[in-house]
Amino acid sequence: EKGWKIWFDKDAPEEEVIPDGYNDSLDTCRKLLLIRSWCPDRTLSQARKYIADSLEEKYTEPVILNLEKTWEESDTRTPLICFLSMGSDPTIQIDALARKLKLECRTISMGQGQEVHARKLTQMSMQQGGWVLLQNCHLGLDFMDELLETVVTAEIPDETFRVWITTEPHDKFPITLLQISIKFTNEPPQGVRAGLKRTFSGINQDLLDVSNMPMWKPLLYTVAFLHSTVQERRKFGPLGWNIPYEFNSADFTASVQFIQNHLDECDIKKGISWSTVRYMIGEVQYGGRVTDDYDKRLLNCFARVWFSEKMFENTFCFYTGYKIPVCKTLDQYQEYIQTLPAMDSPEVFGLHPNADITYQSNTAASVLDTITNIQPKESGGGAGETREAIVYRLAEDMLDKLPPDYIPHEVKARLIKMGHLNSMNIFLRQEIDRMQKVITILRNSLNDLKLAIEGTIIMSENLRDALDNMYDARIPQLWKRISWDSSTLGFWFTELLERNTQFHTWIFEGRPNVFWMTGFFNPQGFLTAMRQEATRAHKGWALDTVTIHNEVLKQSKEEITTPPAEGVYIYGLYLDGAGWDRRNSKLTEPTPKILFTILPVVHVFAVNTIGPKDPKLYVCPIYKKPRRTDLTFITVIYLRTIVSPDHWILRGVALLCDIK
1 EKGWKIWFDK DAPEEEVIPD GYNDSLDTCR KLLLIRSWCP DRTLSQARKY
51 IADSLEEKYT EPVILNLEKT WEESDTRTPL ICFLSMGSDP TIQIDALARK
101 LKLECRTISM GQGQEVHARK LTQMSMQQGG WVLLQNCHLG LDFMDELLET
151 VVTAEIPDET FRVWITTEPH DKFPITLLQI SIKFTNEPPQ GVRAGLKRTF
201 SGINQDLLDV SNMPMWKPLL YTVAFLHSTV QERRKFGPLG WNIPYEFNSA
251 DFTASVQFIQ NHLDECDIKK GISWSTVRYM IGEVQYGGRV TDDYDKRLLN
301 CFARVWFSEK MFENTFCFYT GYKIPVCKTL DQYQEYIQTL PAMDSPEVFG
351 LHPNADITYQ SNTAASVLDT ITNIQPKESG GGAGETREAI VYRLAEDMLD
401 KLPPDYIPHE VKARLIKMGH LNSMNIFLRQ EIDRMQKVIT ILRNSLNDLK
451 LAIEGTIIMS ENLRDALDNM YDARIPQLWK RISWDSSTLG FWFTELLERN
501 TQFHTWIFEG RPNVFWMTGF FNPQGFLTAM RQEATRAHKG WALDTVTIHN
551 EVLKQSKEEI TTPPAEGVYI YGLYLDGAGW DRRNSKLTEP TPKILFTILP
601 VVHVFAVNTI GPKDPKLYVC PIYKKPRRTD LTFITVIYLR TIVSPDHWIL
651 RGVALLCDIK
């Protein structure tokens, strides 16, 4: 396999020669399939080649929105609809175009009770000419049906009348209105250079000259750089921000205004109060939007690392090649910004280059997901198996592999033998109850699905959903509601079998030496049970003051033969955003192209103290799934590091129980 390994390890395999003569024997579409299965992150790059090959080159180029051309294509009965995406609102451009064409543009934002005013403006524009711009129409869907009727049927005396609509995508938006309209979207600029350009195009020379203090311009530029960074980090998913916040220009303006006021009041001898500046940026101006504790930690980390006396030194840079320029005029700033790279390495935002692979893979996955969603659902009459036959076979296969039910009296007898009042065994009983519920629902719905496909019973809403999802290898809604999420049905079902094995072994063969924490419905409950067990074992300990601490061992799960004297051993945690040095048990940079590193066995135990932990340790959150939200958060553990913990905060390092 050597040739393939060399090919796979290249930065852009789709540009290289495919080994073993496949380069010549495969057409572009089959090369796309090969790239999709080997290097998912390169899918879109190869897809561009496929499109250029099948259609022509121009269809792969990004389109710069030209509103005037769009307007020329429309007429009085063809509305123009803009789909809003994060950080982009076309209102300013629409207004500017109206002024250029010397037309009046009447704007109204939709919402409760706005229909009356919208109706009035529409009638007025029809009579007197000009445009009407209805913003945020997803908040005024009832009016859309009325608008459709008006545009299609009403007398429109003035030829210059146009309807412009901005809306977020919404399921209930009238389809007929979409069909008769011209639809466009206005994506925000990508990259630091484009972001800074946009920010500086909104600044005038007066703002640059507002303060004669030497600290003013570097601070202004740094806030602008932070503004681009917080927006750009969004595209990296949970590695960037746990929750994608909609930071906008108001945050930037407010921060700049605050710094201006702070400099006006500050005493030259004492200098800037950095703690105030950091607090206002990290907790108030930008931080005011942030709801997740770990996102707040990240934002404060940026404020701590970038906003200090160091920023005025000549050697300071955000990242190699990104420094604070010394400029006097806006044009000089724009010239400097133009020299920045068009594509940024994720390291500019504090992330590891591997983060780009995650971003590219996620983008490819969402594109392919969209394509799957708009496939026709009816079974075709062509040769080959029908959808129903494929799903029927799959249902039979799953029923064969489905584990047997837990027999209540057997479980009860085993629990009494093991000590049914022990906190760990109470936890086990609750988990088995939930597992049994999943097995029962699965067995019933698979049997019903088979009967419905045969035509013995009626196909209900739930069964139709199960059929569609199983055909697409996705998890039916009914099952997902009572279980857990996973990327495909195959992974989900394998996990069900593995989870069940752990419970079955624990109840019928005794407590395992090492626990697979991913396999629990309620991992927090597991850790609480462990704390309770420790509290009861020590006289004088109280549950309120007992906290969790941990030690990462050097062994892997196979090398563990006995349970710990106290606490529990857990395995199956993946490091996201960092690597692990096994010999010295500390965090290191990840290997290129290796996105997740499995952590050796962790010994989690309880300590009777609420005191702060060693500040040199990185406080690493554990999440159940790659989506990092409050719902998937379990707990934190402490990892050793040689570099400052801030480095790993900016890297977005976390532990995941499951990477699928």
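Mapping the sequence shown onto the UniProt record's numbering, position 106 (from 1) lands on 106, and the numbers just tick up by one.
Built from N, CA and C at the ideal position, the CB exists for glycine as well.
Note that the structure is predicted; figures quoted are calculated from it, not measured.
For this session: Can you tell me which of the three DSSP states Ile634 falls into?
Result: strand
For this session: On a CA-only basis, which of Ile570, Glu566, Asn550 is nearest Glu559? Give me that one, please.
Result: Ile570
Exercise. Can the beta-carbon of His504 be found closer than 8 Å to that of Glu551?
Worked result: no
Exercise. Measuring from the CB of Glu246, is there a heavy atom of the ligand ATP at a distance below 7 Å?
Worked result: This structure lacks the ligand ATP; in fact it carries no ligand of any kind.
For this session: Report the option in Cys317, Phe225, Asp400, Leu631 whose CA atom is closest to the CA atom of Lys197.
Result: Phe225
For this session: Could you please give the first and the last residue of the uninterrupted beta strand (DSSP E) stretch that includes Trp164?
Result: 162-167
For this session: Please determine if the segment 370-379 and the segment 392-408 are in contact, where contact requires at least 3 C-beta pairs separated by less than 8 Å.
Result: no
For this session: Tell me whether the beta-carbon of Ala606 lies closer than 8 Å to the beta-carbon of Ile548.
Result: yes
Exercise. What is the rounded straight-line gap between the Cα of Ser591 and the Cα of Asp581?
Worked result: According to the sequence as given, residue 591 is Thr; it is not Ser. Distance between the alpha carbons of Thr591 and Asp581: 11 Å.
For this session: Please go through the same chain and pick out, in chain order, the residues whose beta-carbon is closer than 8 Å to the beta-carbon of Ser74, but skip the five residues on each side of it.
Result: Leu80, Arg162, Ile182
Problem set entry | Per DSSP, cross-strand counterpart(s) of Tyr50 | According to DSSP, which records beta bridges pairwise, Tyr50 is partnered with nothing at all.
Exercise. What's the gap between the Cα of Leu489 and the Cα of Arg474?
Worked result: 5 Å
For this session: State the start and end residues of the unbroken beta strand (DSSP E) segment that holds residue 678.
Result: Past the edges of the chain, shown from 1 to 660, lies residue 678, and the structure says nothing about it.
Exercise. For the beta strand (DSSP E) that contains Asp581, what are its first and last residues?
Worked result: 579-581
Problem set entry | For Gln338 and Asp331, the rounded distance between their alpha carbons | 10 Å
Exercise. Who does Glu551 pair with in a DSSP beta bridge?
Worked result: His603
Problem set entry | Given 8 Å, three or more beta-carbon pairs between the segment 517-534 and the segment 411-431 | yes
For this session: Sort Thr122, Ile156, Leu220 by Cα distance to Met144 and report the nearest one.
Result: Thr122
Exercise. If residue 687 sits next to Tyr392, beta carbons under 8 Å apart, how far is it from one beta carbon to the other, in whole angstroms?
Worked result: Since the first residue shown for the chain is 1 and the last is 660, residue 687 is missing from the structure and cannot be characterised.
Exercise. Out of curiosity, what's the CA-to-CA distance linking Thr28 and Phe633?
Worked result: 43 Å
Exercise. Between the beta-carbon of Tyr574 and the beta-carbon of Leu655, is there less than 8 Å?
Worked result: yes
Problem set entry | Spatial distance of Tyr336 from Gln257 (CA atoms) | 24 Å
Problem set entry | Inter-residue spacing [alpha-carbon to alpha-carbon] between Ser249 and Val348 | 21 Å
For this session: For Ile259, I'd like the list of residues in its chain whose CB is within less than 6 Å of its CB, leaving aside the five on either flank, ordered along the chain.
Result: Leu219
For this session: Check whether the Cβ atoms of Glu232 and Gly191 lie closer than 8 Å to each other.
Result: yes
Exercise. Pick from Ile594, Leu599, Phe520: whose alpha carbon is nearest that of Lys557?
Worked result: Leu599
Exercise. Out of curiosity, what's the CA-to-CA distance linking Trp492 and Trp131?
Worked result: 52 Å
For this session: Let me know the secondary structure DSSP gives Ser85 once reduced to three states.
Result: strand
Exercise. When you compare only the Cα positions, how much space is there between Lys480 and Phe316?
Worked result: 50 Å
Exercise. If we count the other Cβ atoms within 10 Å of its Cβ and call it buried at 16 or more, is Gln205 buried or exposed?
Worked result: exposed
Exercise. Which runs of the beta strand (DSSP E), 3 residues or longer, sit entirely within the segment 169-228?
Worked result: 182-185
Exercise. Would Gln524 be called buried (16 or more neighbouring beta carbons within 10 Å of its own) or exposed?
Worked result: exposed
For this session: Write down the C-beta distance between Glu16 and Trp7 rounded to the nearest angstrom, noting that I regard them as a contact closer than 8 Å.
Result: 6 Å
Problem set entry | DSSP three-state assignment for Leu650, whether helix, strand or coil | helix
For this session: Using alpha carbons as the reference points, say which of Cys301, Ser460, Glu149, Ser109 lies closest to Gly140.
Result: Ser109
For this session: Go ahead and pull the three-state DSSP assignment for Leu656.
Result: strand
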